[in-house]
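Numbering (my numbering), first residue to last: 979 to 1174.
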């Protein structure tokens, strides 16, 4: 019963983290001149617009997942490489700032309710996890966009030819629990800094 309740409490936390991530992407890209997110109805905090079932289920099962990626159009940017990089890193920065805020609330308020504690800790965990896993350079993670701005064009296009293989390998290792070797220490380190 406790497991079921824990899962139900995590649902809004996942929706918050993924909605924040995608809304910030839409808002930043729009601020940089991109009209596509608004035209596609993604410049909203409505979680339904940012819901992606596979990413959501993975989040519940593994602690790693994603929302429905906001599509952007770099042709609208004044400085394509710089603005693509800003748009790519801003969502993860927002998730980390949200995690920091919830950690401050947890530590500075005398929370007696177990339910509220679970919600706050879950909000911190999912926001940190989303920020960390987005460094992976695969679809639909932001790391792929970051890679496009820091790698020479020829090297990036060579990588793109094999990106689907890298993606499948990553998901395979994820289901085997092998990605924890790399990502768990990073997540634990951030959680430790946040006082958890």
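All C-beta atoms, glycine included, are put in the ideal place defined by N, C-alpha and C.
Cβ-based burial, residue i [other Cβ within 10 Å; buried from 16]
i	result
residue 979	Confidence at residue 979 is low in this model, with a pLDDT of 46, below 50, so the placement of that residue is unreliable and no value is reported for it.
residue 1112	buried
residue 981	exposed
residue 1037	buried
residue 1008	buried
residue 1143	exposed
residue 1006	buried
Same chain, Cβ closer than 7 Å to residue i, neighbours up to 5 away in sequence not counted
i	result
residue 1081	1102, 1172, 1173, 1174
residue 1004	1015, 1020, 1021, 1048
residue 929	With the chain represented from 979 up to 1174, any question about residue 929 goes unanswered, as that position is not in the structure.
residue 1045	996, 997, 999, 1000, 1028, 1029, 1030, 1033
residue 1165	1106, 1107, 1110
residue 1152	1040, 1042
residue 1018	1049
residue 1160	none
Check whether residue i and residue j have beta carbons under 8 Å apart
i	j	result
residue 1127	residue 1062	yes
residue 1043	residue 1034	yes
residue 988	residue 1100	yes
residue 1050	residue 1014	yes
residue 984	residue 1094	no
Spatial neighbours of residue i in its chain, beta-carbon cut-off 6 Å, leaving aside the 5 residues before and after
i	result
residue 1175	The displayed coordinates of the chain run from 979 to 1174. Any statement about residue 1175 would go beyond what the structure contains.
residue 1084	1098
residue 1002	1068, 1069, 1072
residue 1052	1058, 1062
residue 1168	1106
residue 1074	1109
residue 1137	none
Cutoff 8 Å; reference residue i; Cβ partners in own chain excluding five residues on either side
i	result
residue 1148	1114, 1116, 1157
residue 1010	1054, 1055, 1056, 1061, 1064, 1065
residue 1141	1115, 1116, 1117, 1122
*Any contact of the stretch 1014-1029 with the stretch 1127-1137, i.e. 3+ C-beta pairs under 8 Å?*
no
*For the 8 Å Cβ check, are there 3 or more pairs between the stretch 982-998 and the stretch 1102-1111?*
yes
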